[in-house]
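Student: Here it is, the structure in full.
There are 2 protein chains.
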Amino acid sequence: MEIRRASEADFEAMWSIFHAVVATGDTYVFAPTTSRQDCHAYWFGPGMTSFVATEGLRILGMYKYRANQRDLGSHVANASFMVSPAAQGRGVGKAMGEHCLIEARKAGYVAMQFNFVVSTNTGGISLWRKLGFSIVGTLPKAFKHQQLGYVDVHVMHRFLNGG
Amino acid sequence: MEIRRASEADFEAMWSIFHAVVATGDTYVFAPTTSRQDCHAYWFGPGMTSFVATEGLRILGMYKYRANQRDLGSHVANASFMVSPAAQGRGVGKAMGEHCLIEARKAGYVAMQFNFVVSTNTGGISLWRKLGFSIVGTLPKAFKHQQLGYVDVHVMHRFLNGG
Numbered sequence: 001m002e003i004r005r006a007s008e009a010d011f012e013a014m015w016s017i018f019h020a021v022v023a024t025g026d027t028y029v030f031a032p033t034t035s036r037q038d039c040h041a042y043w044f045g046p047g048m049t050s051f052v053a054t055e056g057l058r059i060l061g062m063y064k065y066r067a068n069q070r071d072l073g074s075h076v077a078n079a080s081f082m083v084s085p086a087a088q089g090r091g092v093g094k095a096m097g098e099h100c101l102i103e104a105r106k107a108g109y110v111a112m113q114f115n116f117v118v119s120t121n122t123g124g125i126s127l128w129r130k131l132g133f134s135i136v137g138t139l140p141k142a143f144k145h146q147q148l149g150y151v152d153v154h155v156m157h158r159f160l161n162g163g
Numbered sequence: 164m165e166i167r168r169a170s171e172a173d174f175e176a177m178w179s180i181f182h183a184v185v186a187t188g189d190t191y192v193f194a195p196t197t198s199r200q201d202c203h204a205y206w207f208g209p210g211m212t213s214f215v216a217t218e219g220l221r222i223l224g225m226y227k228y229r230a231n232q233r234d235l236g237s238h239v240a241n242a243s244f245m246v247s248p249a250a251q252g253r254g255v256g257k258a259m260g261e262h263c264l265i266e267a268r269k270a271g272y273v274a275m276q277f278n279f280v281v282s283t284n285t286g287g288i289s290l291w292r293k294l295g296f297s298i299v300g301t302l303p304k305a306f307k308h309q310q311l312g313y314v315d316v317h318v319m320h321r322f323l324n325g326g
């Protein structure tokens, strides 16, 4: 597995993964009907830095980071991750998470915050805990889960200094 | 005091208030050097619903609300408030807060969330508590305060049902 900067040439594969991932309506805020254009803006819009995890020519997943807030809050990064359903269980999320922490630190960020970790996504929460994140807030019933209805959402955070 | 929808004709006065409010660098994420264009996008960008509090022809303050997240998170509103430094202490923030809760409920939102309440803004926090909000998260050192350096930021929330 290699992780490298994403380019426009990767977008077709990224759109496929995005579309498959949001189809379940249980983890990401995007509706299953999200347009290709909105997906493009999400990964390649202003201020985004996007990476893909690859194996040969195949794209296994992608992540991006950016400043979570402008100006006086711009020292904290935000990041988002998606793994292809076909590549689940192979450590792609963990590898991208570790890569992202290093990249964000190199870019000068002092902390990283996830704004919207759905509380029923126990696999995701467990991974972020292993990577040093903790829950710093819980937004009651902030996500409309396709199967479960309104469920809580966590805000997760870690500082980037000290490894 | 009257509270009504903001229009482009109000923007000059809104820009004056915005500029004065962000100059202190102690409450809002905007740098004191924020451009007029960015200010305009903040109050009149896509998805924003903005109001002004007026007294005769004078604008005392303004607020806006919008969906805090898209799609599966779009049932929660986000709102922002600014009061002219010249109109502090007259209950303008409280009046706009109450107005905003009513408007957001009418618009169909089921909750309201403030994403970035600086922890040293005790007046603001106290007002939001009086209006039924509670702190649901604390983002460590997420704000670079002009005088105090890095300080914590609160996420505040309330449901809109039940008054």
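Protein sequence lines, in the order shown, are assigned to chains U and D. Quick note, the first sequence lines up with residues 1 to 163 if you use the numbering used here. Quick note, the second sequence lines up with residues 164 to 326 if you use the numbering used here. In this text, a Cβ means the ideal position worked out from N, Cα and C, and glycines have one as well.
Pull up the distance between the alpha-carbon of S179/D and that of V239/D, whole angstroms please.
Tutor: In the second sequence, residue 179/D corresponds to position 16, counting from 1. In the second sequence, residue 239/D corresponds to position 76, counting from 1. Computed Cα separation, rounded: 30 Å.
Student: Going by C-alpha distance, which of Y65/U, G108/U, S126/U, A67/U is nearest K94/U?
Tutor: For the purposes of this step, residue 94/U is taken as residue 94 along the first sequence, with counting starting at 1. For the residues Y65/U, G108/U, S126/U, A67/U, the minimum Cα distance to K94/U belongs to S126/U.
Student: If you draw a straight line from the C-alpha of W228/D to the C-alpha of R90/U, how long is it?
Tutor: As a first step, residue 228/D is located in the second sequence; it is residue number 65 there, counting from the start. As a first step, residue 90/U is located in the first sequence; it is residue number 90 there, counting from the start. Looking at the sequence itself, residue 228/D is Tyr, so the reference to Trp does not match. The straight-line gap from Cα to Cα measures roughly 42 Å.
Student: Is V29/U close to chain D? Criterion is C-beta to C-beta, closer than 9 Å.
Tutor: Along the first sequence, one-based indexing puts residue 29/U at 29. At least one chain D Cβ lies under 9 Å of V29/U.
Student: Cβ closer than 8 Å: which chain D residues qualify as neighbours of H157/U?
Tutor: Translated into positions along the first sequence, residue 157/U becomes position 157. Those are L302, P303, listed as they occur along chain D.
Student: State yes or no: is the beta carbon of H19/U nearer than 9 Å to at least one beta carbon in chain D?
Tutor: Mapped onto the first sequence, residue 19/U falls at position 19. With 9 Å as the cut-off, H19/U does not count as an interface residue toward chain D.
Student: Give the straight-line distance between the Cα atoms of Q200/D and D71/U, rounded to the nearest whole angstrom.
Tutor: Locating residue 200/D in the second sequence gives position 37, where the first residue counts as 1. Locating residue 71/U in the first sequence gives position 71, where the first residue counts as 1. Cα to Cα, Q200/D sits roughly 15 Å from D71/U.
Student: Would you kindly check if the distance between the Cβ of L139/U and the Cβ of D26/U is under 9 Å?
Tutor: Position 26 of the first sequence, counting from 1, holds the residue named residue 26/U. Position 139 of the first sequence, counting from 1, holds the residue named residue 139/U. Going by C-beta atoms, D26/U is not nearer than 9 Å to L139/U.
Student: Could you tell me the alpha carbon to alpha carbon distance between R158/U and R221/D, rounded to whole angstroms?
Tutor: Indexing the first sequence from 1 puts residue 158/U at position 158. Indexing the second sequence from 1 puts residue 221/D at position 58. Rounded to whole angstroms, R158/U to R221/D spans 45 Å at the Cα level.
Student: Which chain D residues sit within Cβ distance under 8 Å of R90/U?
Tutor: Taking the first residue of the first sequence as position 1, residue 90/U is located at position 90. In chain order: nothing, as chain D lies at least about 27 Å away.
Student: Do C178/U and F44/U have their C-beta atoms closer together than 9 Å?
Tutor: The structure shown does not extend to residue 178/U, since chain U spans only 1 to 163, so no value can be given for it.
Student: Strictly under 9 Å for the Cβ-Cβ distance: is Y65/U near chain D by that measure?
Tutor: Here the question's residue 65/U lines up with position 65 in the first sequence. So no, Y65/U is outside the interface.
Student: So, are the CB atoms of Q113/U and N68/U less than 9 Å apart?
Tutor: Counting from one through the first sequence, the residue named residue 113/U turns up at place 113. Counting from one through the first sequence, the residue named residue 68/U turns up at place 68. In this structure, N68/U lies closer than 9 Å to Q113/U by Cβ.
Student: Going along chain D in order, which residues have a C-beta closer than 7 Å to the C-beta of V76/U?
Tutor: Position 76 of the first sequence, counted from the start, is the residue given in the question as residue 76/U. In chain order: A305.
Student: Measuring straight from C-alpha to C-alpha, what distance separates V118/U and A9/U?
Tutor: Counted from its first residue, the first sequence places residue 118/U at position 118. Counted from its first residue, the first sequence places residue 9/U at position 9. Looking at the two C-alpha atoms, the distance is approximately 31 Å.
Student: Taking 9 Å as the threshold (C-beta atoms), are V192/D and F306/D in contact?
Tutor: Position 143 of the second sequence, counted from the start, is the residue given in the question as residue 306/D. Position 29 of the second sequence, counted from the start, is the residue given in the question as residue 192/D. Result yes, Cβ atoms of F306/D and V192/D sit closer than 9 Å.
Student: So which residues of chain D does V136/U contact, with C-beta pairs closer than 8 Å?
Tutor: Working through the first sequence from its first residue, we reach residue 136/U at position 136. Simply G300, T301, L302, P303.
Student: What residues match up with S134/U in a beta bridge as DSSP calls it?
Tutor: The sequence position of residue 134/U within the first sequence is 134, counting from 1. DSSP, once it has assigned bridges, lists H157/U as partnering S134/U.
Student: By a C-beta neighbour count over all protein chains shown, 10 Å radius and 16 as the cutoff for buried, is G47/U buried or exposed?
Tutor: Numbered from 1 along the first sequence, position 47 holds the residue referred to as residue 47/U. Exposed, because fewer than 16 other Cβ atoms sit within 10 Å of the Cβ of G47/U.
Student: Taking all protein chains shown into account, do 16 or more other C-beta atoms lie within 10 angstroms of the C-beta of I265/D, making it buried, or fewer, making it exposed?
Tutor: For the purposes of this step, residue 265/D is taken as residue 102 along the second sequence, with counting starting at 1. Exposed: under 16 other Cβ atoms inside 10 Å.
Student: Pull the bridge partners of N241/D from the DSSP assignment, please.
Tutor: Taking the first residue of the second sequence as 1, we reach residue 241/D at position 78. According to DSSP, which records beta bridges pairwise, N241/D is partnered with R229/D, Q276/D.
Student: Is I152/U helix, strand or coil by DSSP?
Tutor: Here the question's residue 152/U lines up with position 152 in the first sequence. The question names Ile, yet the displayed sequence has Asp at residue 152/U. It is a strand residue.
Student: Below 8 Å on the Cβ atoms is my contact criterion, and I expect A183/D with S243/D to pass it. Report the Cβ-Cβ distance as a whole number of Å.
Tutor: Here the question's residue 183/D lines up with position 20 in the second sequence. Here the question's residue 243/D lines up with position 80 in the second sequence. Wrong, their Cβ atoms sit about 16 Å apart, outside the cutoff.
Student: Using a Cβ-Cβ distance cut-off of 9 Å, determine whether G188/D contacts chain U.
Tutor: Sequence index remark: in the second sequence, residue 188/D carries index 25 (1-based). Chain U, which has a Cβ nearer than 9 Å to the Cβ of G188/D, makes this yes.
Student: Is the beta carbon of W128/U less than 9 Å from the beta carbon of M82/U?
Tutor: As a first step, residue 128/U is located in the first sequence; it is residue number 128 there, counting from the start. As a first step, residue 82/U is located in the first sequence; it is residue number 82 there, counting from the start. No.
Student: Verify whether the separation of the beta carbon atoms of T49/U and M1/U is less than 9 Å.
Tutor: Here the question's residue 49/U lines up with position 49 in the first sequence. Here the question's residue 1/U lines up with position 1 in the first sequence. The answer is no: Cβ separation not under 9 Å.
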